[in-house]
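Colleague: For the sequence shown, counting from 1, position 133 maps to 133 in the working numbering; every step adds exactly one.
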Amino acid sequence: MIVAGNWKMFLGPDPAVLARQLEDIAGLDAIVCPSFTRLSACVEAGLTTYAQNVHWEPEGAYTGEVSAPMLLALGVRGAIVGHSERRQYFGETDLGVARRAQFALEAGLHVIACVGESQEERDAGDTETVLRVQVDAIRDGCGPHDRLVLAYEPVWAIGTGLTATPELAQDAQAFIKSLLDRPVLYGGSVKPDNADELLAQPAVDGALVGGASLDIDSFTAICRSAARIRS
Ligand code: PGA
1 MIVAGNWKMF LGPDPAVLAR QLEDIAGLDA IVCPSFTRLS ACVEAGLTTY
51 AQNVHWEPEG AYTGEVSAPM LLALGVRGAI VGHSERRQYF GETDLGVARR
101 AQFALEAGLH VIACVGESQE ERDAGDTETV LRVQVDAIRD GCGPHDRLVL
151 AYEPVWAIGT GLTATPELAQ DAQAFIKSLL DRPVLYGGSV KPDNADELLA
201 QPAVDGALVG GASLDIDSFT AICRSAARIR S
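Below is the structure:
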């Protein structure tokens, strides 16, 4: 089981306090994904730390980007790629996301690659088509790499308080696994009170947690759920 906290563009909790809280939870990979300025503090606190994005080149004229070798030099272990906020607000494409994932894996990072449909796409009955296009791009770039994890994050459930039902998450994630056989995390308004039923689904291999990861007690409670379910 994997539980990753995506702190987005928030300062997030105190890494040392969080690390102490997580210390006694066994059987779980707990990951934090802070913004760039907090990566080092999280690494130093002993937390498994991922960046929120990574570029495909080792260096170059790419203002505002960061590379896999730079992250590895800091002690960062992985990166999220293809978060829907990157796709939606910063124009990231399926091909670009696949390149980021591919080169990050080749450089030695772990990768959480995000996919998910919008409300309009779901309403139009296009969920599987959208997921297929997104997952195929990642599969073509990376194959079933052993440091690759996918995250199913329906756009309509992110930061909205609308969580996918466990059945909906199970169906979408089983479909994703049929396209690319890697662990799939669920993301979208995961909270302590819905974590148990989501994480109990067989195709749900963990959670990518946004808002609730900013609160140490909430994040720890979700981590405890995950550890309990697979123990
Ligand atoms: P949320 O965000 O838990 O606040 O919905 C999830 C994410 O964006 O990864």
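Every residue gets a Cβ at the ideal spot worked out from N, C-alpha and C, and that includes glycine.
Values in this document were obtained by computation on a predicted structure and should not be read as measured data.
If you draw a straight line from the alpha carbon of ALA172 to that of THR37, how long is it in whole angstroms?
Modeller: Spanning the two alpha carbons is a distance of roughly 34 angstroms.
Colleague: For a test of the three-state rule: what should DSSP assign to ASN194, helix, strand or coil?
Modeller: Residue state, collapsed to three classes: helix.
Colleague: Measure the C-alpha to C-alpha separation of PRO58 and LEU131 and round it to an integer number of angstroms.
Modeller: So the two alpha carbons sit approximately 29 angstroms from each other.
Colleague: Specify the secondary structure class of LEU148 as computed by DSSP and reduced to three states.
Modeller: It is a strand residue.
Colleague: Give a yes or no on contact between the segment 1-11 and the segment 201-215, applying the rule of three or more CB pairs nearer than 8 angstroms.
Modeller: Output reads yes: the segment 201-215 touches the segment 1-11.
Colleague: To the nearest angstrom, report how far apart ALA203 and ALA174 are at their CA atoms.
Modeller: Looking at the two C-alpha atoms, the distance is approximately 6 angstroms.
Colleague: Using the Cβ count rule (16 or more neighbours within 10 Å means buried), how would you classify LEU162?
Modeller: Label assigned to LEU162: exposed.
Colleague: Going by alpha carbons, who is nearest to GLY188 out of ILE176, LEU208, LEU180 and SER178?
Modeller: It is LEU208 whose Cα lies nearest to the Cα of GLY188.
Colleague: Is the beta carbon of GLU121 within less than 7 angstroms of some heavy atom of the ligand PGA?
Modeller: For the ligand PGA, not one heavy atom lies less than 7 angstroms from the Cβ of GLU121.
Colleague: Hey, is LEU208 close to the ligand PGA, as in C-beta under 7 angstroms from one of its heavy atoms?
Modeller: For the ligand PGA, at least one heavy atom lies less than 7 angstroms from the Cβ of LEU208.
Colleague: Answer with buried or exposed for HIS27, where buried requires no fewer than 16 other C-beta atoms within 10 angstroms of its C-beta.
Modeller: Note that residue 27 is Gly in the sequence shown, not His. Exposed: under 16 other Cβ atoms inside 10 Å.
Colleague: Determine the contact status of PRO144 and ARG182, defining contact as a CB-CB distance below 8 angstroms.
Modeller: The answer is yes: Cβ separation under 8 angstroms.
Colleague: Any contact of the segment 72-84 with the segment 49-58, i.e. 3+ C-beta pairs under 8 angstroms?
Modeller: With the cut-off at 8 angstroms, the segment 72-84 and the segment 49-58 touch.
Colleague: For the alpha helix (DSSP H) that contains ASP215, what are its first and last residues?
Modeller: Counting along the chain, ASP215 falls outside any alpha helix (DSSP H), and DSSP gives it neither H nor E.
Colleague: My output table needs one value for LEU60: the three-state DSSP class, helix, strand or coil.
Modeller: Strictly speaking, residue 60 in this sequence is Gly, with Leu absent from that position. Here GLY60 sits in coil by DSSP.
Colleague: Can you tell me whether ALA207 is helix, strand or coil according to DSSP?
Modeller: Three-state result, ALA207: strand.
Colleague: Output the boundary residues of the beta strand (DSSP E) element that contains ALA264.
Modeller: Given that the chain is displayed from residue 1 to residue 231, the structure contains no residue 264 and the question cannot be resolved.
Colleague: To which residues of the same chain is ILE222 closer than 7 angstroms at the C-beta, ignoring the five residues directly before and after it?
Modeller: Cβ neighbours of ILE222 beyond the five flanking positions: VAL3, VAL190, PRO192, ALA195, ALA207, VAL209 and ALA212.
Colleague: Can we say the segment 63-70 touches the segment 113-133, given the rule of at least three CB pairs closer than 8 angstroms?
Modeller: No contact exists between the segment 63-70 and the segment 113-133.
Colleague: Can you check whether the CB of VAL135 is closer than 8 angstroms to the CB of LEU105?
Modeller: No.
Colleague: Does the distance from the C-beta atom of LEU199 to that of ILE158 stay below 8 angstroms?
Modeller: Not a contact, by the Cβ cut-off of 8 angstroms.
Colleague: At a cut-off of 7 angstroms, is GLY12 close to the ligand PGA when judged by its beta-carbon and the heavy atoms of the ligand?
Modeller: Result no, Cβ not under 7 angstroms from the ligand PGA.
Colleague: Output the distance between the C-alpha atoms of GLN201 and ARG139, rounded to the nearest integer angstrom.
Modeller: When rounded, the distance between both Cα atoms is 23 angstroms.
Colleague: Of the residues ALA61, ALA137, GLY60 and HIS55, which one's Cα is nearest the Cα of LEU109?
Modeller: Nearest option by C-alpha distance: HIS55.
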